[in-house]
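Below is one structure, written out as structure tokens; comments come after it.
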Amino acid sequence: MKNRLMGSIIGLVVLACSAVVLAQTAAAQAIPRTPDGKPDLSGTWAGGGGFDSGRSLPLELTKWGKDKFTWNRGPEAANAPGVYGGQKVRVDQDPTYHCYPGGLVRLGPPTRLIATGGGGLYEIIQTPSKVILLFQYQHEVRQIFTDGRGHPKNLELTWNGHSIGRWDDDTLVVDTIGLRDESWLDSAGHEHSTQLHIVERFRRVDAETLEIERTISDPIALAKPFTMGVVLKLSPDKDLDDNINGGYDCTQFMMRKSAFGEGIGGVMGISEPPE
Numbered sequence: 071m072k073n074r075l076m077g078s079i080i081g082l083v084v085l086a087c088s089a090v091v092l093a094q095t096a097a098a099q100a101i102p103r104t105p106d107g108k109p110d111l112s113g114t115w116a117g118g119g120g121f122d123s124g125r126s127l128p129l130e131l132t133k134w135g136k137d138k139f140t141w142n143r144g145p146e147a148a149n150a151p152g153v154y155g156g157q158k159v160r161v162d163q164d165p166t167y168h169c170y171p172g173g174l175v176r177l178g179p180p181t182r183l184i185a186t187g188g189g190g191l192y193e194i195i196q197t198p199s200k201v202i203l204l205f206q207y208q209h210e211v212r213q214i215f216t217d218g219r220g221h222p223k224n225l226e227l228t229w230n231g232h233s234i235g236r237w238d239d240d241t242l243v244v245d246t247i248g249l250r251d252e253s254w255l256d257s258a259g260h261e262h263s264t265q266l267h268i269v270e271r272f273r274r275v276d277a278e279t280l281e282i283e284r285t286i287s288d289p290i291a292l293a294k295p296f297t298m299g300v301v302l303k304l305s306p307d308k309d310l311d312d313n314i315n316g317g318y319d320c321t322q323f324m325m326r327k328s329a330f331g332e333g334i335g336g337v338m339g340i341s342e343p344p345e
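So the sequence shown is residues 71 to 345, counted in the numbering used here.
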């Protein structure tokens, strides 16, 4: 009797384990794949957390980072034009208020500069040698090289940096350096240096879902790295050119700058930050 009971228990355990394995196998098979067997990240994706409207990211800052942030949000900023989330900041220092790119961290995902009805739209085009990201905001384009190259030795700094990717099983791991330091980490006034380093992990969970995790470090501005994550959903019925809060035209926005005060459409650095 005892042996029969034990056999039944073992049989149930085997069946349960088999069901889990079959479910995992079915989920893996449901993920679209490229001819070389890699998960295909291509598609139009929507979703993500709240847009970059002045909320401070959960950052631990160095003295340099604190000095920059305090200056951008200090008492002197009370008379500065521009309001983010009810907080005064020095918009004369914010590159987006001068029609410059927002920079990779604010461009997203996970964060995003402009909220859209779809929660932020991103189109991904995947080829054997690179992954291309197209953004609704300002029609930005980003390239991630997956052909095995490294970062150039004499790297020219750009707004979105230089990105190289490698596959770790079914996860695309992306390393980005070479970012210009004019951009901000958020609209709240956190700045970064040219030593900003971003590591991302793209994982297509199933046919409809894409997870992105991003770890950001900067030894000059941040006391320790921080990580953000987002879940995006496939949105084949949406298009980047949809006129849904999304076709953001900075020049048109600047024509309405009087609502934010005068002097924000000119040359950056109207007031000088701390060194």
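Virtual Cβ for every residue (Gly too), placed ideally from N, Cα, C.
Going by C-alpha to C-alpha distance, which of Asp309, Leu292, Lys308 sits closest to proline 128?
Leu292
Would you call the segment 272-283 in contact with the segment 98-111, where contact means no fewer than 3 C-beta pairs closer than 8 angstroms?
yes
In the DSSP output, what is threonine 114 paired with across the bridge?
Glu193
For leucine 100, I'd like the list of residues in its chain whose CB is within less than 8 angstroms of its CB, leaving aside the five on either flank, ordered along the chain.
Contrary to the premise, residue 100 reads as alanine rather than leucine in this sequence. Around alanine 100: Asp276, Ala277.
Nearest CA to the CA of threonine 228: which residue from Arg250, Lys200, Asp245?
Arg250
Residue span of the beta strand (DSSP E) that contains valine 211, given as start and end
211-215
Out of Glu130, Leu225, Trp115, Gly235, point me to the one whose CA is closest to threonine 261's CA.
First, the residue type needs correcting, since residue 261 is glutamate and not threonine in the sequence shown. Answer by Cα proximity: Glu130.
Is it the case that the CB of lysine 133 approaches a heavy atom of the ligand SAM more closely than 7 angstroms?
Ligands displayed in this structure: none; no statement on the ligand SAM is therefore possible.
Given a threshold of 16 other Cβ atoms within 10 Å of its Cβ, counted over all protein chains shown, does proline 180 qualify as buried or as exposed?
buried
Which residue comes first and which comes last in the alpha helix (DSSP H) that contains threonine 140?
133-143
Considering Cα atoms alone, identify which of Gly172, Ala116, Pro102, Pro105 is closest to valine 301.
Ala116
Leucine 203 and lysine 308 closer than 8 angstroms at C-beta
no
For the alpha helix (DSSP H) that leucine 203 lies in, which residues bound it at each end?
Note, leucine 203: premise wrong, no alpha helix (DSSP H); beta strand (DSSP E) at 200-205.
Going straight from the alpha carbon of arginine 274 to that of glycine 299, what length do you get?
13 angstroms
Measuring only the C-alpha atoms, how far is isoleucine 194 from valine 201?
7 angstroms
Around the C-beta of serine 233, are 16 or more other C-beta atoms found within 10 angstroms, so that it is buried, or is it exposed?
buried
Which first and last residues belong to the beta strand (DSSP E) in which leucine 304 is found?
296-304
Determine the closest residue to aspartate 164 out of Leu310, Gln265, Glu252, with distance taken between C-alpha atoms.
Glu252
Going by DSSP in three states, isoleucine 314 sits in which element: helix, strand or coil?
Note that isoleucine 314 scores 45 on pLDDT, short of 50, meaning its location in the model is unreliable; the coordinates nonetheless yield the value given after this. Isoleucine 314: coil per DSSP, three-state reduction.
Evaluate leucine 177 with the Cβ neighbour count: other Cβ atoms within 10 Å of its Cβ, from every protein chain shown; 16 or more gives buried, anything less gives exposed.
buried
What separation, rounded to the nearest whole angstrom, lies between the Cα atoms of glycine 317 and lysine 303?
Model confidence at glycine 317 stands at a pLDDT of 49, short of 50, so the residue's coordinates are unreliable; what they give is reported in the following sentence. Those two C-alpha atoms are separated by around 20 angstroms.
Can you list, in chain order, the residues of its chain with a C-beta nearer than 6 angstroms to that of aspartate 217? Leave out the 5 residues immediately preceding and following it.
Ser199
CA-to-CA distance, lysine 138 to aspartate 288, given in whole angstroms
14 angstroms
Would you grab the beta carbon distance between valine 244 and glycine 235 for me? Rounded to a whole angstrom, and I think it's under 8 angstroms.
4 angstroms
Are histidine 209 and glycine 248 close, meaning C-beta to C-beta below 8 angstroms?
no
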